[in-house]
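This report concerns only the one structure given below.
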């Protein structure tokens, strides 16, 4: 049987999902998308499998998650785009559909990912932002935060920044960009991380460390110490999933400046 491989970029509000990865008796991104893709293909046997660029945890959002699947009909990309969007729930949206070679893999061909963390600075949780931001009610110096973020750039051992349960073979990762900006109108700090790969809860732990530095709860330069001690307990805080967004997934050719895929021994 001839199949066509489609690369699909999608966005979702992670609030009511138990993460990306399919789980028994749980509403997940992978589970819902797999169901709708198979429904579009009239429930083929064997069923179509959807492969994601990586998992996001419960409550984490995506602006540009990427998946691929092999479809048993040669349909125009616009037909897949319109068909899936008509079937998906309102907290999911297909942004782009492309036909790719059958050698393309949404996970193994990733060369980088960009995450954004939105941090609301209100004294109390805003009821209209509570599902879409983290919250930090302590006084904070944005200049200290911006300075601390530069310590993430480069290749480092992120053992202090990975939660238990990680299945990665190595905790070494390379961060290409890390910066923070303050949006006065929204009273938010937005923290951006772009690297060749990220570990379990890594971004949320990184954010927890830099905001503690910005609030004087940690000394400036403490990130460099955490690389050396390689102790998750000394990083302590994991920020809420609600503030985290997978903004973009990069593949070969998307960013000529940083073309290197994550080595197999680090995945």
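In full-length UniProt numbering, the protein residues as written are 1 to 267.
All C-beta atoms in this analysis are idealised placements derived from N, C-alpha and C, irrespective of residue type, glycine included.
Just so we're clear, the structure is a prediction, and the values are computed from it rather than from any experiment.
- Restricting attention to alpha helix (DSSP H) runs no shorter than 4 residues, the region 100-163 encloses them at 142-149, ordered along the chain.
- Take residue 168, set aside five residues on each side of it, and the residues of its chain with a beta-carbon closer than 6 Å to its own are 199, in chain order.
- Taking 8 Å as the upper bound for CB-CB distance, residue 9 and residue 96 are in contact here, some 4 Å apart.
- Cα atoms of residue 40 and residue 68: separation of roughly 15 Å, rounded to the nearest angstrom.
- Annotated three-state conformation of residue 197 is coil, per DSSP.
- The region 199-210 makes contact with the region 157-174: 3 or more CB pairs, one atom from each, lie closer than 8 Å.
- The DSSP-derived three-state label of residue 4 is strand.
- About 29 Å separates the CB atoms of residue 149 and residue 106; that is not less than 8 Å, and the two are not in contact.
- Per DSSP, the unbroken alpha helix (DSSP H) holding residue 77 starts and ends at 77-87.
- Between the alpha carbons of residue 124 and residue 134 lies a distance of about 11 Å.
- When Cβ pairs closer than 8 Å are counted between the two stretches, the region 27-46 is seen to touch the region 80-90, the count reaching three or more.
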